[in-house]
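The structure appears below as structure tokens.
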Amino acid sequence: MNDRIFNIDYDKLIAWLVPRRIRKVRLHRYLRIVVSGVNFLYQDFRRFRKAKLYELMITPQVCYLERMLNDRYDFTQRRIVIVDSQDKPPFYIYQHAELKPKFISRTTENKPKFIYTAGESGLLQDDFVVLVPAAVSFNANEMRSLVKRYKLAGTRFKIQIV
Numbered sequence: 090m091n092d093r094i095f096n097i098d099y100d101k102l103i104a105w106l107v108p109r110r111i112r113k114v115r116l117h118r119y120l121r122i123v124v125s126g127v128n129f130l131y132q133d134f135r136r137f138r139k140a141k142l143y144e145l146m147i148t149p150q151v152c153y154l155e156r157m158l159n160d161r162y163d164f165t166q167r168r169i170v171i172v173d174s175q176d177k178p179p180f181y182i183y184q185h186a187e188l189k190p191k192f193i194s195r196t197t198e199n200k201p202k203f204i205y206t207a208g209e210s211g212l213l214q215d216d217f218v219v220l221v222p223a224a225v226s227f228n229a230n231e232m233r234s235l236v237k238r239y240k241l242a243g244t245r246f247k248i249q250i251v
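Quick note on the numbering used here: the sequence shown kicks off at 90 and runs consecutively.
Dropping the structure here:
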């Protein structure tokens with residue numbers, strides 16, 4: 090759509106619509122005062138339209154999510170990055186320093202049972218991670234709601250400070 094249809098100069102409009110024989114400076118000033126309320130609403134409409142066009146531009150693609158977050162929180166250096174989470178195979182629930190066995194089983198059982206936490210087995214794994222530098226000041230709840238608004242439905246994410 091042509092954006093010029095939304096560009097209205099009310100001073101020119103007043104000059105065009107007032108007949109030439111009654112055009113006076115005093116009448117022009119009076120009509121500018123009368124139209125000032127409409128001009129205020131027009132400027133408010135233009136700001137609203139610009140904000141909505143920006144919101145419509147943001148999609149669940151990573152580049153647009155990064156752009157939205159950097160526009161909001163880190164406009165100059167643009168250091169906020171979105172990365173895919175790591176797919177790691179599940180690991181055992183012990184530390185090497187504990188010197189525990191790698192699996193737990195009863196002596197009567199033939200098969201050992203491996204113990205995993207839900208996060209280790211990949212059940213609660215996030216689909217992507219938002220990496221935010223520690224130098225960037227942000228409200229975590231606000232950032233979470235912004236990402237939830239624009240992310241793809243059904244995807245999970247985590248905000249991590251690096």
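Don't be surprised by glycine CBs; every beta carbon is placed ideally from N, CA and C.
Per DSSP, residue 133 is one residue of the alpha helix (DSSP H) stretching across 114-146. Between residue 121 and residue 103, the C-beta gap is smaller than 8 Å, which places the two residues in contact.
With a cut-off of 8 Å on Cβ pairs, the region 219-235 is in contact with the region 159-177, counting three or more such pairs.
When Cβ pairs closer than 8 Å are counted between the two stretches, the region 117-135 is seen to touch the region 92-109, the count reaching three or more.
For residue 231, the closest C-alpha among the options 151, 175, 141 and 157 is that of 157. DSSP places residue 158 in the uninterrupted alpha helix (DSSP H) bounded by 151-162.
The shortest CA-to-CA distance from residue 167 to any of 152, 235 and 243 is the one to 152. For residue 139, same chain residues with a beta-carbon under 6 Å away, outside a window of 5 residues either side, do not exist. Here residue 169 carries a coil assignment [DSSP, helix/strand/coil].
Setting aside the 5 residues that flank it on each side, residue 170 is surrounded in the same chain by 220, each with a C-beta closer than 6 Å to its C-beta; the list follows chain order. Around the beta carbon of residue 106, fewer than 16 other beta carbons sit within 10 angstroms, so the residue counts as exposed.
According to DSSP, residue pairing for residue 249 in a beta bridge involves 220.
Contact annotation, residue 233 with residue 248: C-beta distance approximately 6 Å; criterion of less than 8 Å satisfied. About 14 Å separates the Cβ atoms of residue 251 and residue 217, ruling out a contact at the 8 Å cut-off.
In terms of Cβ geometry, residue 149 and residue 240 form a close pair [threshold 8 Å].
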